[in-house]
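Engineer: Residue numbers (the working numbering): 30 to 595.
Ideal Cβ placement from N, Cα and C applies to all residues, glycine included.
Since this is a predicted model, take the numbers as computed values, not measurements.
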Amino acid sequence: MKKLTFLFFFTFLFSNDLIYNSSRWKALLHYDTNFQIQDKNFYISKNPTLKKEFFSDIKAFKNKKFQCRFPARKLFIEKKLNITFPKQKCKDLEIYKKKAPYKNISLIFASENIKDPSSMMGHTFFKFSGDNLANSISFYTFINTYNPLKLIYENTITGMNGYFILRPYRETLYNYLENEKRNVWEFNLKLSEFEKKMIYFHTWELKDINQKYYFTSYNCATVVFYILASAKPEILQENNFWLTPLSVTKIANKYKMIQQSNLLPNDEWFIKLLENQVSLSKIKKIKSIIKFKDFNKFQNLKLTKENFYFITLAQTYSIYLYKNNQLTKKEYQQLNNIFNNYKFKYQFDISHYKNPLKTPPERQIGVGFRNEEKTNFFKFSFLPASHSLTDNNKEYFNESALKIGYISFLANQNKILLDNFTIYNMTNLIPYDILTKPISYNFDLSIKRKYDKNLNKKLFFNTNVGIGGDLNVFTDINIFTLFDIGVQYHKKVELVYYPKIGFSIYEIFNSKGMFYYQPTFIDNKFVYNKYYFSQNFFLKNNYKISLNYEKIDNKNEYGFNIIKLF
């Protein structure tokens, strides 16, 4: 190792930009205002500080054990100080290099999975590939309870056991596309050789840590964020409050780390996409041909663009049916042979059809005014994640809502009221199609002010589920219906259910309107009719103005909110 002279140390210690305070060193230690990783084995020094850990590492890297354990830190220090530590043979690290080559590194985003609370905002991880091998590297947790209160407590207070897993990418992809029916976006990263090594070696440093998984403060996105920062330390200046898989993907794009994207859709999503390119009569024809096994009607078609979409849809639909045991293997192979005989010159680029990078920001803070029965209130609201039905959801596959931790207060000179605390709300309005026949659904777990049987507003603990349907009448108009049933509690438990029918429409001037009608029943007795209307304007710099009106029998409520998305 090159000798570190007294002059060098003097210059180093008193420079304005101390190396141990650099962004890359903080990224390697997952340091924000404090150390994010609690495992003592992640640090060489006892009671670490940035400075103490830096000098402890320099001293320790004369030892084989620590060189092999922390190759990214070693590489950083050698480059920054222009020194070379004595080379050591690292058997396990060499096996890692051989089994998981990193010629290409991609950031992977899997869309949300509402069935798994740990992935209800999606999942993000890395793909390392090269020499005809591809592996996924992911940080995740297991959900061992479906008790919502226990789940919230573990995810935010005590933490859940976190795990790093390295496995063949094809297995990970199959699980997301086939088992969980999620779309997967691959974002190939633009990195120098040094930056690739930092990501690759830092991932190695994390593999054995004992780290708790927290839904809000240290999740899969947090880990990816710090790994990316080891390559591009300037991203640490971004607001990392409650990082989500989508937000960290957007950060990578903002700092021009993404050079190419590729969408791998699940079959149901791809069918819906292709249906937009094929007439309804042709869609019915596909269904009829396959239903009555008249496969020869798919043969000898002209190589037109219209027939390209027709055959592509028919082929995708046959794959969907086969995977769902609605076609035999022989029938599927017969169809596949017919489809593969076509040599169309057309291609269908779906990568930019719906792009998660174009969705609005996931956090919202709002202020506004609300009038309830001639009583005026100031309204404050905060949504830490993620979006509502009245937002601009054009870059999502369908109209949806996901609210986690939403809270709103009403205040005037006389009182302050908790208006709504939504622990978890999910609504998925999936447009109906004659091939896959999807169902729309809804779930809500919240504490909110609602009308009781006597039409007095009280604070209820509320949970309900609902199913229904959605019809995409035109590109910008959706008609939906849901039937919700659940329980509410205020001094006693009550059964509540209500059908709901409404529509949403994207309008001119970058705006969106929404209306629904909802009769409400409590303990099997009709109580009131509710009419709801909202008009929303999407402005520059991620601002939104929302106008709202509700009529509950003879009671009227209205207001407006100015909302900042960030």
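Work out the CA separation of L292 and P528 for me, nearest whole Å.
Structural biologist: Going from the Cα of P528 to the Cα of L292 covers about 36 Å.
Engineer: Identify the residues that DSSP records as bridge partners of A430: which are they?
Structural biologist: According to DSSP, A430 bridges with T456.
Engineer: Can you find at least 3 beta carbon pairs, one from the segment 291–309 and one from the segment 411–420, that sit closer than 8 Å?
Structural biologist: Touching, no.
Engineer: Quick one, are the C-beta atoms of I394 and F411 less than 8 Å apart?
Structural biologist: Their beta carbons are under 8 Å apart, which means I394 touches F411 by this criterion.
Engineer: Using the Cα positions of A250 and I73, report the straight-line distance between them to the nearest angstrom.
Structural biologist: Near 25 Å, if we compare the C-alpha coordinates of I73 and A250.
Engineer: Please give the ranges of any alpha helix (DSSP H) in the segment 239–319, keeping only runs that are unbroken, at least 4 residues long and fully inside the region.
Structural biologist: You should have 249–260, 274–283 and 296–304.
Engineer: Identify every residue that forms a DSSP beta bridge with S540.
Structural biologist: In the DSSP output, where bridge partners are listed per residue, S540 has E536 and F566.
Engineer: Can you give me the C-alpha to C-alpha distance between Y116 and L79, rounded to a whole angstrom?
Structural biologist: First, the amino acid is wrong: residue 116 is Lys here, not Tyr. If I take the Cα positions, the gap works out to 25 Å.
Engineer: Express the C-alpha separation of M149 and D499 in angstroms, rounding to a whole number.
Structural biologist: When rounded, the distance between both Cα atoms is 21 Å.
Engineer: Who pairs with I436 in a beta bridge, going by DSSP?
Structural biologist: Answer by DSSP bridge pairing, in chain order: F411 and F450.
Engineer: Taking 7 Å as the limit between beta carbons, can you name the residues of its chain near K225, skipping five residues before and five after?
Structural biologist: Excluding positions up to five away in sequence, the list reads Y131 and I134.
Engineer: Three Cβ pairs or more, each shorter than 8 Å: is that satisfied between the segment 443–453 and the segment 250–265?
Structural biologist: Cβ pair count under 8 Å is below three, so no.
Engineer: Terminal residues of the continuous beta strand (DSSP E) containing N491?
Structural biologist: Counting along the chain, the beta strand (DSSP E) containing N491 begins and ends at K486 to F503.
Engineer: Report the partner residues of M227 according to the DSSP bridge assignment.
Structural biologist: M227 pairs with nothing; no bridge assigned.
Engineer: Quick check on this structure: which residue in T345, I367, N111 and K334 has the alpha carbon closest to the alpha carbon of Q376?
Structural biologist: It is K334 whose Cα lies nearest to the Cα of Q376.
Engineer: Compare the Cα-Cα distances from K573 to each of I592, C119, G588 and Q363 and report the closest residue.
Structural biologist: Ranking I592, C119, G588 and Q363 by Cα distance to K573 puts I592 first.
Engineer: Can you give me the C-alpha to C-alpha distance between L364 and N501, rounded to a whole angstrom?
Structural biologist: One C-alpha to the other measures close to 30 Å.
Engineer: Please look up how many angstroms separate the CB atoms of I181 and I452, rounded, as I've assumed it's under 8 Å.
Structural biologist: With 8 Å as the limit, I181 and I452 qualify as a contact, their Cβ atoms being about 7 Å apart.
Engineer: Alpha carbon to alpha carbon, what distance is there between K219 and K285?
Structural biologist: Taking the straight line from one Cα to the other gives about 8 Å.
Engineer: Out of F105, R399, P389 and D237, which has the shortest C-alpha to C-alpha gap to L122?
Structural biologist: It is D237.
Engineer: In this structure, how does DSSP classify Y351 when only helix, strand and coil are distinguished?
Structural biologist: The answer is helix: DSSP assigns Y351 an H, G or I state.
Engineer: Who are the near neighbours of V213 in its chain, counting only those whose CB is closer than 6 Å to its CB and skipping five residues on each side?
Structural biologist: Hits under 6 Å: A139, Y205 and L293.
Engineer: Considering only the beta carbon of each residue, do F532 and I506 sit closer than 8 Å?
Structural biologist: Yes, Cβ-Cβ distance for F532 and I506 is below 8 Å.
Engineer: Mapping the DSSP letters down to three states, classify L36 as helix, strand or coil.
Structural biologist: Because L36 sits at a pLDDT of 43, beneath the cut-off of 50, its placement in the model cannot be relied upon, and the point is left open.
Engineer: Taking only the alpha-carbon atoms, compute the straight-line gap between Y535 and F64 and give it to the nearest angstrom.
Structural biologist: C-alpha separation (whole angstroms): 45 Å.
Engineer: Flag this pair as yes or no: are the beta carbons of I319 and L350 separated by less than 8 Å?
Structural biologist: Yes, these two residues count as a Cβ contact at 8 Å.
Engineer: Let me check understanding here. Comparing Cα to Cα, which of Q547, F84, I137 and G542 lies closest to S290?
Structural biologist: For the residues Q547, F84, I137 and G542, the minimum Cα distance to S290 belongs to I137.
Engineer: Flag this pair as touching only if the segment 164–180 and the segment 428–444 have three or more C-beta atom pairs under 8 Å; answer yes or no.
Structural biologist: Counting Cβ pairs under 8 Å, fewer than three are found: no touch.
Engineer: Can you list, in chain order, the residues of its chain with a C-beta nearer than 6 Å to that of V253? Leave out the 5 residues immediately preceding and following it.
Structural biologist: Hits under 6 Å: T153 and V277.
Engineer: If you count every other CB in all the chains shown that lies within 10 Å of the CB of T456, and 16 or more means buried, which is it?
Structural biologist: Result: buried.
Engineer: Helix or strand or just coil, what does DSSP make of S44?
Structural biologist: Confidence at S44 is low in this model, with a pLDDT of 47, below 50, so its placement is unreliable and the value that follows should be read with caution. Of the three classes helix, strand and coil, the one that applies to S44 here is coil, per DSSP.
Engineer: According to DSSP, simplified to helix, strand and coil, what is I367?
Structural biologist: Three-state DSSP puts I367 in a helix.
Engineer: Confirm, please, whether the CB-CB distance from F589 to S575 is below 8 Å.
Structural biologist: Yes; because the gap between Cβ atoms is below 8 Å, this pair is in contact.
Engineer: Which residue's Cα is closest to the Cα of N454: T492, Y49 and R211?
Structural biologist: N454 has its Cα closest to that of T492, out of T492, Y49 and R211.
Engineer: Just reading off the beta strand (DSSP E) that T510 is part of, what are its end residues?
Structural biologist: Start and end: I506 to Y518.
Engineer: Are the Cβ atoms of E424 and P467 separated by less than 8 Å?
Structural biologist: It is not a contact, given that the beta carbons lie outside the stated cut-off.
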